[in-house]
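As C-alpha cells, the structure follows; a few thoughts come after it.
Number of protein chains: 2
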Amino acid sequence: MSESDWPRRVTIVGLGLMGGSLGLAIRRAYPGVQLFGVDRNRRAVALALKLGLIGRGAPKLSAEPASVDLVFLATPVGAILELLPCLPTLIGAQTLVSDLGSTKAQICKMGERLLPGRFIGGHPLAGSERSGLAAADPELLRGAPYALTPCGDAQEPALERLARFLQMLGARVLIIGPEEHDRIVARTSHLTQLLSVALAGLIVEKGREDERYLRLCGGGLRDMTRLAASPYPIWRDVLRTNASEIDHALGEFREILERLQDRLVTGDLQAEFARAGELIEHSPANDRSECVEPVGG
Amino acid sequence: MSESDWPRRVTIVGLGLMGGSLGLAIRRAYPGVQLFGVDRNRRAVALALKLGLIGRGAPKLSAEPASVDLVFLATPVGAILELLPCLPTLIGAQTLVSDLGSTKAQICKMGERLLPGRFIGGHPLAGSERSGLAAADPELLRGAPYALTPCGDAQEPALERLARFLQMLGARVLIIGPEEHDRIVARTSHLTQLLSVALAGLIVEKGREDERYLRLCGGGLRDMTRLAASPYPIWRDVLRTNASEIDHALGEFREILERLQDRLVTGDLQAEFARAGELIEHSPANDRSECVEPVGG
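So the protein lines, in turn, are chains A and B. Residues in the first sequence are numbered from 3 upward in steps of one, following this note's numbering. Residues in the second sequence are numbered from 3 upward in steps of one, following this note's numbering.
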C-alpha cells in the first residue's frame, strides 16, 4: 500500500510538533514521497533539512510546482486562516489541501469558498504540552483519532484518498462535519484545556499565600495540570474560533460541578463516580480496533 | 542509617496499594526490620506472605507483641476511624502509631485523644488510580510528598524518628498541622479528583447521545480523566471527612471558571495561561532537592 502512486509530492506548511511529526510519519510509511517544508522560522527549516525530513525547504510558501499533490497546513489556526487566501494563486489546479487546525468550522468555510472541492479540513487529536520540531515524533499520530471534516459532497474521491493516506500513517480517521467536530472537541479538548489552566491557576494563587500548596501535590494534580503548560498563542486562536461552543461547554461543566457540590453535603457521589468510571471502559486506548471509521471501498 | 535500631518490628494494617508499597519500601531500605501484616482480605495476607513482604500475617489486628515499635494504619479513612478505638488495648505502651489516610483532622483528633503522645498522622501524596497489593510498588513513595501531622508538642522525639524513617524510604516529609493539611489537599487533591470525575461524567453523558464524543478524545482528556477511575469507597470517606474544605475549594474553582468564561468573550486569557504556567516552574518534579523539610537535628 505504501507504494501507492498518490501522493508523490507533499508540502507541509509549519514544521512544529504537528507538522514535524506528520512529516516523520510520512517519511517512514511512504519513503518514496518527496516532502517539501515551509516554516517562517528558518532554523526549523534548516533542522528539517539536516534531519532529512524534507528534501526542499523555504521560509515562505511561494508558487508551488503544479505537481505537488497534497499541501498540509500545520500552523496554528490563526495562521491557517491567513494562509488560505494566498493558496489559490500558489498551488496547482489538482493540488489537494488539508490542515491540522484544532477548530474546523471557520477554516472549512473559508477553505471550501477559496478552494472548492479541493479543501478537506483535518484535525489529529494528538499532541502534547511540548512544541517545536525538536519534540516531533513519528509515532505521534499512531492510534490517535484524526477527524476529517469535508464540506460538500463533491469531495468524495479526494476524501477517500486522504483518509487512506492518513490511515497508513496509523491514524484512526473519523469523518465528521466541521460544526459537529467543533461542538464535540469543545468538550473533549478545549474545555479540558481550560479546566487544567483554571486548576493550575488556583494552586498558583494559593501557593502565593502559602508555599505548602506547591509542595503537597501528588501525581493526580500533575496529570491534571500537565496541559496547562501548552503555549497560549496556539490556544488563543482555538478559543477565538470556537468561543460559542466552549462557552456552552463551560456552562454545562459548571452545572455538573454545582450538582457535585450539592451532593457533597448529602454525602453520596456514588452515581457520579460510577458514571465517570464508564469513560475508562469506553476509552479508545482500551478499544483501538473498533475506532477506525471504514472509509469507502 | 538503615542499620538504625528503630524500628525493629513494624505492623502494617491494610495490605492494599499504599500499605503494600510502604511494606515493599521498608523491606528494601530496612532489610532487618520484622514486618507483620494485617488485612481482612485473606488473599492479600496470603499474597504478602508468599511475596515475602511480611513474616507474619493475620486477617484481624489482635493483641500485638509489646515489642512492635510502629503500627501503620493503611486502610481507607473510614476503617482508620473504626480501628483507632481498638488500638489502646491491642498495642504496647511504647508502640508508635501512624496512618496513611488522605484526610487528617478527624483522624488526628481521635488519635491524640485515644493514644496521647503516641499517634502521629501521616499522608503520603502518592498513589494511582490502581488499587490492591498486586499494584504495590516499592518506588511509589520515592520523591512523593509525605505529610506528617502531629497534634501537640509532646510528640517531638517520636516525630523526628518517624520522619527520618520515612525519609530513608525516599519520601519528602513535610510537617504540617492536620487542619492546614486538610485545607491544602482539599485543593491539590480532593478538588482535583472531583474535577476529573465531573469531566469524565460530562463526556460519558454526551457520549450517550453521540458516541463520537468517546472517539474524538486525545491524550489531554486521558490525562485529565485518569483519576476518575479511582475507587469510590476510598473517596467516599475522604469526601465525608473533609466536606467543608472541599465545598470551599469547589466554590473557589467555580469562581475561577466564571472568570475564564467572562474573558473567553473578550478574547484574552493570556494572564490565566501565564499564571497556570507558573505551576510547572514550581513543580516538585522540577525541584526535588528543595522539597525535603529539614527535621530536627
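Just so it is clear, CB atoms sit at the ideal spot from N, CA and C, and this is done for glycine as well. As the structure is a prediction and not an experimental result, all values here were calculated from the model.
Chain order gives the chain A residues near B/Ser198 as Gly222, Met226 and Ala278, where near means a beta carbon separation below 8 Å. Unbroken alpha helix (DSSP H) runs of no fewer than 4 residues, entirely contained in the segment 29-117 of chain B, are found at 44-52, 79-85, 89-92 and 107-116, following chain order.
Scanning chain A for C-beta atoms nearer than 8 Å to the C-beta of B/Pro147 yields Arg217, Leu218, Cys219 and Gly220, reported in chain order. Contact with chain B is absent for A/Lys62, since none of that chain's Cβ atoms lies less than 7 Å from the residue's Cβ. CA-to-CA, the gap between B/Gly279 and A/Trp237 works out to about 13 Å. Put simply, the backbone Cα of B/Gln108 is about 31 Å away from that of B/Asp225. The distance from the Cβ of A/Ala149 to that of B/Leu218 is about 6 Å, consistent with a contact at the 8 Å cut-off.
Close to B/Asp249, with beta-carbon spacing below 9 Å, are these residues of chain A in chain order: Gln263, Leu266 and Val267. A/Ser191 is classed as buried because its beta carbon has at least 16 other beta carbons within 10 Å across all chains shown. Sequence-distant Cβ neighbours of B/Leu85 in its own chain, meaning closer than 8 Å and more than five residues away, are Val15, Leu63, Leu75 and Thr77. Between B/Pro140 and B/Ala245, the C-beta spacing is not below 7 Å.
Around the beta carbon of A/Gln272, fewer than 16 other beta carbons sit within 10 angstroms, so the residue counts as exposed. Here B/Arg11 carries a strand assignment [DSSP, helix/strand/coil]. With fewer than three CB-CB distances shorter than 8 Å, the segment 98-115 of chain B does not count as touching the segment 195-210 of chain B. Under the 7 Å criterion on CB atoms, B/Ile282 is classed as interfacial with respect to chain A. The Cβ of B/Leu252 sits closer than 7 Å to at least one Cβ of chain A. DSSP, read as helix, strand or coil, puts A/Ala173 in coil. Runs of beta strand (DSSP E) with 3 or more residues, each lying fully within the segment 117-151 of chain A, are found at 121-126 and 147-151, listed in chain order.
Separation of B/Gly220 and B/Ile186 (C-alpha to C-alpha, rounded to the nearest whole angstrom) is 30 Å. In this structure, DSSP gives A/Ser232 a state outside helix and strand, which the three-state scheme calls coil.
Taking CB atoms only, A/Gly179 has no neighbour in chain B less than 7 Å away.
Boundaries of the alpha helix (DSSP H) around A/Ala278: Gln272 to His284. Boundaries of the alpha helix (DSSP H) harbouring A/Arg265: Ala245 to Thr268, taken from the DSSP string. Residues of chain B whose Cβ lies closer than 8 Å to the Cβ of A/Glu274 are, in chain order, Val199, Ala200 and Gly203. Closer than 8 Å at the C-beta level to chain A, one finds these residues of the segment 182-193 of chain B: Glu182, His183, Ile186, Val187, Arg189, Thr190, Ser191 and Leu193. Two segments are said to touch when three or more pairs of C-beta atoms, one from each, lie closer than 8 Å; by this definition the segment 250-264 of chain B touches the segment 251-260 of chain A. Straight-line spacing of the CA atoms in A/Leu135 and A/Met20 works out to 8 Å. Put simply, the backbone Cα of A/Ile122 is about 6 Å away from that of A/Thr151.
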